[in-house]
Structures are given as C-alpha cells and as structure tokens.
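Asks: Chains as they are written, first to last, in the numbering used here: chain Y, 9 to 224; chain A, 9 to 224. One structure, as structure tokens, below. Some questions next.
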DNA sequence: GCCTTCTTGAACTCATGAGTTCAAATTAGC
DNA sequence: GCTAATTTGAACTCATGAGTTCAAGAAGGC
C-alpha cells in the first residue's frame with residue numbers, strides 16, 4: 009500500500025500520523041496550483057504531491073476553495089519576507105549609487121522571477137475575479153508594505169542629496185515599473201526562461217533611466 | 009422555438025441559415041473566454057451568447073481548443089489595429105510636447121484597459137503554458153510591431169532635438185512601462201474599475217518621469 | 001499495553017462539461 | 001418552387017474531478 013503510493017508520489021514514503029501534514033499539503037498545493045492553475049489543479053494531484061491521502065486534505069482544510077486561500081496566504085507570506093529582505097539591501101548612501109541600485113534591482117527581480125514569485129502573481133491575476141479577497145490581502149498587506157519600504161529608502165537618498173525625489177512613493181512605483189515592467193511580457197508570465205545576459209541588460213537599462221529621471 | 013432561444017440568449021432572434029455565424033461565434037467566444045477564462049468557459053455558453061446551436065460551433069471551428077485559437081487571433085487583430093491607430097496620434101514636433109505625450113499615453117492606456125484589451129492580456133498570460141503558439145503570435149506579430157511604431161515616433165523627436173533618445177527602442181519600452189506598469193496591479197488585471205482622476209494622475213506622472221529621463 | 005485520535009485507501013455519489021448523433025427544419029442558390 | 005447545404009434542438013456518451021463514506025491501520029499520550 010505504501011509502495012503503491014510511493015510510486016505515484018515523488019514524496020518519500022511519508023511517516024504516518026499527525027506530523028506536519030498541514031505544511032506538506034500547503035506546499036504541495038502551492039506547487040500544483042502554480043503549475044496547473046486553480047481550475048486544472050486536482051485535489052487528488054495535490055494529495056499525491058504532498059504524500060497524503062485525499063480525505064486528509066479535507067480534514068485539514070475543508071475543500072478546494074479554502075485550500076487555495078490557505079495556500080495563497082502561505083505563498084504570499086513567504087514572498088513578502090523575501091522581498092522585504094531584498095529591499096533591506098538598499099543603499100543608504102550615495103557612494104557608488106549606480107552599483108547599489110543595480111544590486112537591489114537584481115534582488116527584487118530575482119524575487120519576482122522565481123517560480124514561486126511568478127506562481128503568486130499569475131494566480132493572483134488569474135483568479136482575481138473569483139477570489140477578490142485573496143487579491144486584496146496580498147496587494148494591501150504585501151504590495152503596499154513593499155512600496156512603503158522602498159519609498160523610505162529612496163527618501164533617505166533624497167534627503168542625502170544624491171537623488172531628487174519630491175514624491176518618494178511615486179519614485180518607488182516608477183523604479184519598480186522600470187525594473188519589472190517588461191518581465192511579464194518577456195517571460196510570458198514566467199513560463200519562459202530569460203537568458204542571464206538579457207536579464208542583466210533589462211536591469212541595467214532600468215537603473216539608467218531611473219537615474220536619468222531622479223538623479224542629481 | 010425561436011422564442012425559447014431568444015429567452016436564453018441576449019442576442020437578437022438570429023436569422024437562420026449560413027450568414028455570419030462564424031463571426032458571431034468568434035465574438036461570443038472572445039466575450040465568454042474573457043469573462044470566465046479558458047477552463048471555466050463552456051462551449052454551450054458561447055453558443056448561447058452567439059445565438060447559435062452547439063453543433064454549429066463544431067462545424068465551423070472544430071473544437072474548444074481551435075475555437076480558442078481563432079478567437080484569440082481575432083481579438084489580437086482587433087486590438088493591434090486600435091493600438092497602432094493610437095500610436096499614429098503621436099506628436100511629430102516638439103510643440104507642446106508634454107500635452108502631446110499625455111494624449112498618446114491616454115490613447116494607449118485606453119486600449120489597454122478596455123475590456124477587450126484586458127481580456128486579451130489576461131488570457132494570453134493565463135494560457136501561455138497551454139497555448140504557447142498563441143502567445144508568440146500575438147507577442148511577435150503585435151507587441152513587436154507596436155514597439156517598433158512607437159520607437160519610430162520617438163526617434164523622430166530625437167532627431168528634431170526635443171528628446172534625447174540614443175536607443176529609441178529602449179525609450180519606447182520604458183515609455184510603455186512607465187505608463188502601463190501599474191495598471192495591472194491597480195485594476196487587478198482589469199477586474200476593478202479605476203477612477204478617472206487616478207488614471208489621469210498615473211498618466212501625468214508617467215509622462216513627467218519620461219520627460220525627466222529623456223527630455224532635453 | 002491500551003485507548004484515543006488521526007490517517008489511509010478504496011470505492012462510492014454527483015455534477016459538469018466536451019464532443020457526437022440524427023432527424024427535422026430552414027435557408028441559399030438557381 | 002426545388003434542391004442541396006446548413007442549422008437546429010434534444011438527447012445522447014464519456015471522461016473528469018469534487019467531495020463523502022467507512023472500515024482498517026498506524027501513531028501518540030498515558
């Protein structure tokens with residue numbers, strides 16, 4: 009019986025009993041939803057991916073809709089942590105500003121183009137009509153916080169006289185737009201690989217335009 | 009019989025026989041796919057919307073996948089026409105450049121945020137994994153052409169000395185990024201209305217940053 | 001060791017939706 | 001008008017997937 013399951017699931021022959029099933033289910037759900045989309049994703053497939061029986065999912069999370077909500081909350085939390093860490097690397101002084109901006113931009117882009125990052129964006133957009141609350145939660149709890157953090161760092165640089173940012177929030181939005189604006193189109197919303205050199209070029213170009221607009 | 013169909017379909021009591029069924033089917037398909045997504049859209053619903061019987065769809069277009077491809081090609085063609093017309097309004101002289109840029113930006117944004125525009129983007133992204141050829145066709149046939157047209161106009165302004173655009177293609181990309189970058193997030197990929205004043209603000213801000221970066 | 005609690009597998013039910021079939025009705029071409 | 005092609009409605013088939021049920025099995029607490 010265990011052997012049959014192990015053959016169907018990539019997961020190791022899971023220990024039985026109540027361990028960290030819930031976490032395993034959420035991780036598997038994120039992966040399968042990301043790969044197949046909400047509609048095409050099967051609860052059975054998620055169960056297999058998690059190395060768990062189907063009723064266990066219904067015990068823990070009640071149903072597909074609720075499972076989706078919980079999985080998205082988990083994914084959003086993970087993503088937010090990463091992005092805020094990336095913003096933390098923002099330069100605080102004008103010393104080698106161009107290089108500093110490129111480094112942060114690269115970190116931010118890496119968050120965006122990671123499989124997890126794309127999965128989150130794609131599902132948010134795709135299911136925005138069906139799950140508006142999920143969209144709002146991620147957007148307000150996540151997106152706004154990130155923008156605020158970025159704006160704060162830009163304001164510091166403005167204060168130090170190395171940038172001209174009368175409206176730091178706007179500058180933060182345009183920074184993100186210039187850096188990440190083309191990623192969706194270029195990678196087909198994360199379904200294509202982007203050559204390293206192309207990525208570096210996009211970032212360098214974005215930083216350049218940003219500096220042309222907001223530098224002193 | 010005709011009365012029963014008219015009750016189910018919003019379409020007028022269609023004349024029978026081989027008229028413009030195909031066009032009606034494609035228009036209905038665009039609408040239903042846009043509203044419900046590929047997976048949730050039902051062929052039966054499309055038939056009802058088109059005021060046509062289900063077998064007629066299979067006669068004309070063979071199946072759901074093919075119907076999707078044809079509908080997307082139609083939608084892309086319509087969209088491209090509109091966008092290229094918008095680019096045509098681009099200023100060619102430096103006279104009142106700011107106002108001219110805002111006007112074009114507004115036209116471009118209007119194409120983007122129209123229900124048809126969002127439908128196209130959303131479906132392209134959502135189904136990029138399942139229909140990569142559709143994505144490529146629209147992206148290369150449409151996106152590239154639009155970017156080229158925009159770059160051409162920017163190059164003229166550069167030549168006239170009112171803009172500093174060593175790389176017109178790059179400038180075109182950044183123009184679009186600054187103008188349309190936030191629209192997806194703000195409108196939840198077109199599922200929310202955006203207040204007119206907010207939209208005007210986004211455009212004005214985008215043009216301002218663009219001029220700061222590329223103006224003389 | 002024992003009892004409670006959770007997990008499992010397997011076989012269900014039930015709804016939905018793609019695609020087909022076909023005789024009857026309708027239309028277009030002439 | 002007459003004929004050939006097309007459209008229609010309605011009733012199919014068939015596959016898929018959500019959610020449930022239940023008896024048997026496996027931890028974990030004591």
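Cβ atoms here follow ideal geometry from the backbone N, Cα and C, with glycine treated the same way. Please read all numbers here as calculations on a predicted model, not as lab measurements.
1. Please compile the residues from chain A whose C-beta is within a distance smaller than 7 angstroms of the C-beta of residue 182/Y.
2. Under the rule that 16 or more other beta-carbon atoms within 10 Å means buried, what is residue 85/A, buried or exposed?
3. If you measure from the beta carbon of residue 147/Y to each beta carbon in chain A, is any gap under 8 angstroms?
4. Give every residue of the same chain whose Cβ lies closer than 7 angstroms to the Cβ of residue 103/Y, excluding the five residues on either side of it in the sequence, and list them in chain order.
5. Exposed or buried, which one is residue 216/Y when buried takes at least 16 other CB atoms within 10 Å?
6. In the stretch 52-71 of chain Y, which residues sit with their C-beta less than 8 angstroms from some C-beta in chain A, listed in chain order?
7. Taking DSSP as the reference, what is the three-state secondary structure of residue 223/A?
8. Mapping DSSP to helix, strand and coil, what is residue 128/A?
9. Could you confirm whether any beta carbon from chain A is found closer than 8 angstroms to the beta carbon of residue 159/Y?
10. With DSSP collapsed to three states, give me the class of residue 116/Y.
11. For the alpha helix (DSSP H) that contains residue 63/A, what are its first and last residues?
12. Locate the alpha helix (DSSP H) running through residue 136/A, then write down its first and last residues.
13. Using a 10 Å radius around the Cβ and a threshold of 16 neighbouring Cβ atoms, would you call residue 62/Y buried or exposed?
14. Can you say whether residue 45/Y is buried or exposed, counting buried as having 16 or more other CB atoms within 10 angstroms of its CB?
15. Is the stretch 131-139 of chain A touching the stretch 129-148 of chain Y, taking contact as three or more C-beta pairs under 8 angstroms?
16. Taking CB distances under 8 angstroms as the criterion, tell me whether residue 45/Y reaches chain A.
17. Residue 143/A versus chain Y: which residues are under 7 angstroms apart at the beta carbon?
18. With a threshold of 8 angstroms between beta-carbons, can residue 133/A be considered close to chain Y, or not?
19. Check the Cβ of residue 213/A against every Cβ in chain Y and list those closer than 9 angstroms, keeping chain order.
20. Rounded to the nearest angstrom, what separates residue 121/Y and residue 208/Y at their Cα positions?
21. Go to residue 41/Y, then tell me how far its alpha helix (DSSP H) extends in each direction, as first and last residue.
22. Just to make sure I have the definition right: I need the residues of chain A whose C-beta is within less than 8 angstroms of the C-beta of residue 48/Y. Which are they?
23. Got a sec, what are the start and stop residues for the alpha helix (DSSP H) residue 176/Y sits in?
24. Identify, in the order they occur along the chain, each residue of the same chain with its Cβ nearer than 6 angstroms to the Cβ of residue 161/A, setting aside the five sequence neighbours on each side.
25. Check for me: the alpha helix (DSSP H) holding residue 89/A runs from which residue to which?
26. By a C-beta neighbour count over all protein chains shown, 10 Å radius and 16 as the cutoff for buried, is residue 204/A buried or exposed?
27. Under three-state DSSP, which class holds residue 210/Y?
28. Taking all protein chains shown into account, do 16 or more other C-beta atoms lie within 10 angstroms of the C-beta of residue 201/Y, making it buried, or fewer, making it exposed?
29. Given this structure, state the Cα-to-Cα distance separating residue 206/Y from residue 40/A, to the nearest angstrom.
30. Please work out which residues of its chain come closer than 7 angstroms, Cβ to Cβ, to residue 157/Y, disregarding the five sequence neighbours upstream and downstream, and give them in chain order.
31. Quick check: is the beta carbon of residue 169/A nearer than 8 angstroms to any beta carbon in chain Y?
32. Can you pull the chain Y residues whose beta carbon is under 7 angstroms from the beta carbon of residue 151/A, in chain order?
33. Within the same chain, show all residues whose beta-carbon is closer than 6 angstroms to that of residue 128/A, passing over the 5 residues directly before and after it, in chain order.
34. According to the Cβ coordinates, are residue 117/Y and residue 187/Y closer than 8 angstroms?
35. Taking just the CA atoms, how far does residue 35/A sit from residue 125/A?
36. Can you pull the chain A residues whose beta carbon is under 7 angstroms from the beta carbon of residue 201/Y, in chain order?
Replies: Working from what's here:
1. 186, 217
2. exposed
3. yes
4. none
5. buried
6. none
7. strand
8. helix
9. no
10. helix
11. According to the DSSP assignment, residue 63/A belongs to the alpha helix (DSSP H) that extends over 62-69.
12. Neither: residue 136/A is in no alpha helix (DSSP H) and is coded neither H nor E.
13. exposed
14. buried
15. yes
16. yes
17. 196
18. Yes, residue 133/A lies at the interface with chain Y (some Cβ there is under 8 angstroms from its Cβ).
19. 175, 178, 181, 182
20. 13 angstroms
21. 29-48
22. For residue 48/Y, the neighbours in chain A by C-beta distance under 8 angstroms run, in chain order, 47.
23. 176-188
24. 98
25. 72-96
26. Residue 204/A is exposed by the Cβ-count criterion.
27. Residue state for residue 210/Y is assigned as helix, using DSSP reduced to three classes.
28. exposed
29. 37 angstroms
30. 92, 95
31. no
32. Contact note: residue 151/A reaches chain Y through 193, using a C-beta cutoff of 7 angstroms and chain order.
33. 83, 87
34. yes
35. 14 angstroms
36. None at all; the shortest Cβ gap to chain A is about 13 angstroms.
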